[in-house]
Each structure stands twice: as structure tokens, then as C-alpha cells.
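Notes for the one structure printed next.
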Amino acid sequence: MISSQTFQLDEKGQHRLVLVPSPEALAAWGAREIVRLAQEAIAQRGLFHWVLSGGNTPQALYQRLAELPNESIPWSQVHVWWGDERNVPLTDEQSNYRMAWQVLLGRIPLPQANIHRIRTELGAKEAASEYAAELQATVPAWASTLPRLDLILLGMGEDGHTASLFPYTSGLTERQQLVIANPVPQLQTTRITMTLPLINAAAHVMFLVSGASKAETLWKVLFGPRMPLELPAQEVQPVSGTLTWLVDAPAATAILSELSKRFGTTL
Ligand code: 6PG
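FYI, this note's numbering numbers position 70 of the sequence shown as 396, with every residue one higher than the one before it.
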């Protein structure tokens, strides 16, 4: 049993924070939630379109999914996508695809055709436009005109970035394209990233936030003033989907007093 506390952050019950004690508990809770959402999507629509996040935090979660009995998720009905990718070859140690392949995708019976890699070998701009076209052609739109991904996993950087939407980058204001090549001067590189309109069209978005280094930023993003260019993670507000902040105790230290104040609990 994973000990967790859930705090509803909005009246509609679409926006919640789930507090777990440790990085291990975050991986366990997150894996269980992904199994639940996959089974739900597959029961309702026959497929589960799941967007992976890069970076370090999701790796332990991916590991757990790889170790599940194969019947936990009907992998043949799962399609995986990436929320962003570094502008490097798929063999590069910086590649989000390479990490996901090593930790998860190469260890589960997921058909190769269901793995939608961002083809960085085309160059950032071409890779972004090809990826957007593939999303449009593959993922149903449901109520809106945008592809409605079933679950988007996101991380949050200490600077408040998410996916590859970094502070003060042009990608933050993109409202037409679904996927773009986003120049990131602070990293002296260009990244390929899903944009806010696509992210906010998802059925479910789940942030994974772990570690003390994220604590101050998490407070600013959740409870500080709205600063869309400075704190891109604040702009993730699913239009008609759910938003879950899955946070471990080390990352929650700066928000505990706010949670106690709002929910009257001693944390
Ligand atoms: C990436 C991710 C990025 C990541 C955050 C947090 O390509 O790196 O998409 O947005 O989620 O930087 O990374 P950590 O989990 O390593 O802290």
C-alpha cells in the first residue's frame, strides 16, 4: 500500500496534488496511476496514447512499469509519444528516446509501430512539423480540433520549465503549431517540444516533481503570482482534462504550510 495524501486544488475536482513520502513512492504511485489510466482509455476507446517525459525523475517509474507482469497493461493497445526531445541523434546519451528505450520500451512487448519517436535526424524544424502531422493523423481529436492525448507526463525544472518550454522562449506564446523547434538560449541549443495548446488539450496531465531542489519553484508555480513567461509550468491548465501534481516529500517542503492553511491539516 503506497501512503499518499490527495489535495483537491480546484472546485471542479480536476486539479489535484498527490503527496507521497519518497521518490520510490512517487514511482510506485505514478506507475499504478498509469496502469489505471491505460486500462480506462483502452476500455473506453481501444487505445492509450501516452506521452513520455524526459529527464531523470520518470526513470524509476518507467523501471517499475517495465517490471510489471505483461498482462497489467495490454501494451499492443498503447502508443507512446514524447513531449519533447533534445536536438541530438537517438544514440546520444542526452536523447529522451534513448533513455525511454533503455529503461522501458526495449523491455516490454510494445509494437515498434506504436513507438512514435521525434526524428531529430531530420533537423529540428522538419522533425517538429513531421511530428505534429503524425499526431494529427494518429490521435483522435474528440470534442476539440486538437489531438486529445490520453496522458501527458511532464517534469518541472528548477527554473519552472516543462517539456522544453523554457522561461522567456518563443515557444511559450505559440498558439497555432502543435509541436515546434524552440530555441533555448539559456542552453545554447534548440529543442523540439509540444506546445501549450496541445498539452492543454490532453485528457490527463501528470507532473512528476521530486527532490528538494524543486521545492521553492513548486511553491511559486502552485501558489505564487502568475508569471507565464517566467514559470512555464503554470501555463499547463488542461481545458477539459485533469491535472495531477505528483510530488514527493522533499519537493513539498515549501508548500506544506500553504496546504495546512488551505486544508486545515497538520503536515
Ligand atoms: C527533458 C524534460 C524536462 C524535464 C525537466 C525535469 O527533456 O529533460 O522534458 O522538461 O522533465 O527538466 O527534469 P528532471 O526530472 O531531470 O529533474
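Ideal Cβ placement from N, Cα and C applies to all residues, glycine included.
Since the structure is predicted, the reported quantities are computational estimates derived from the model, not experimental observations.
Please state the DSSP three-state secondary structure of Met-482. coil
State yes or no: is the C-beta of Thr-383 nearer than 7 Å to some heavy atom of the ligand 6PG? yes
Could you check where the alpha helix (DSSP H) with Val-344 kicks off and where it finishes? Looking at the DSSP string, Val-344 is not in any alpha helix (DSSP H); the run it does join, the beta strand (DSSP E), is 341-346.
Select from Gly-481, Ile-506 and Ser-539 the residue whose C-alpha is nearest the C-alpha of Val-377. Gly-481
Consider the C-beta atom of Ala-507 and the heavy atoms of the ligand 6PG; say whether any pair is separated by less than 7 Å. no
So, are the CB atoms of Asp-309 and Leu-391 less than 8 Å apart? Nothing about residue 309 can be read from this structure; the chain reaches only from 327 to 593.
Assign Lys-451 to buried or exposed, taking buried as 16 or more other Cβ atoms, counted over all protein chains shown, within 10 Å of its Cβ. exposed
For Ala-386, which residues in the same chain have their Cβ closer than 8 Å to its Cβ, ignoring the five residues on either side in sequence? Pro-349, Glu-350, Leu-352 and Ala-353
Beta-carbon separation (whole angstroms), Ser-566 vs Glu-484, contact threshold 8 Å: In fact, because the Cβ distance is near 30 Å, the residues do not count as touching under 8 Å.
Could you please give the first and the last residue of the uninterrupted beta strand (DSSP E) stretch that includes Ala-507? 505-510
Proximity to Ile-525 [Cα-Cα], best of Ala-559, Arg-588 and Glu-456: Ala-559
How many Å lie between Thr-543 and Leu-593 at the Cα? 19 Å
Could you give the DSSP three-state label for Val-535: helix, strand or coil? strand
Here's a check: name, in chain order, each residue in its chain whose Cβ is nearer than 6 Å to the Cβ of Ile-444, leaving out the five neighbours to either side. Trp-408, Glu-411, Ala-453, Tyr-457 and Ile-518
Cβ neighbour criterion (16 or more within 10 Å) applied to Ala-469: exposed
Just curious, the beta strand (DSSP E) that Gln-331 is in, first and last residue? 331-334
Within 7 Å: the Cβ of Ala-426 and any heavy atom of the ligand 6PG? no
Taking the beta strand (DSSP E) that Thr-519 falls in, what are its first and last residues? 515-520
Coil, strand or helix - Val-406 by DSSP: strand
Are there 16 or more other CB atoms within 10 angstroms of the CB of Leu-504, so buried, or fewer, so exposed? buried
Are there any heavy atoms of the ligand 6PG lying less than 7 Å away from the beta-carbon of Ser-379, as far as the coordinates show? yes
Give me the residue from Leu-477, Trp-545, Thr-488 and Leu-416 with the minimum Cα distance to Ile-360. Leu-477
Quick one, which of Pro-435, Gly-381 and Val-414 has its alpha-carbon nearest Ser-402's? Pro-435
Kindly indicate the opening and closing residues of the beta strand (DSSP E) around Thr-464. Not the beta strand (DSSP E): Thr-464 falls in the alpha helix (DSSP H), residues 450-464.
When we look at the beta-carbon of Ala-463 and count the other beta-carbons within 10 Å, is it buried (16 or more) or exposed? exposed
CB-CB length for His-375 against Val-510, believed under 8 Å: Contact flag wrong, Cβ pair sits at about 26 Å.
Is it buried or exposed, Tyr-494, if we count other Cβ atoms within 10 angstroms and call 16 or more buried? exposed
Once the 5 residues before and after Phe-549 are set aside, which same chain residues still bring their CB inside 7 Å of it? Ile-581 and Glu-584
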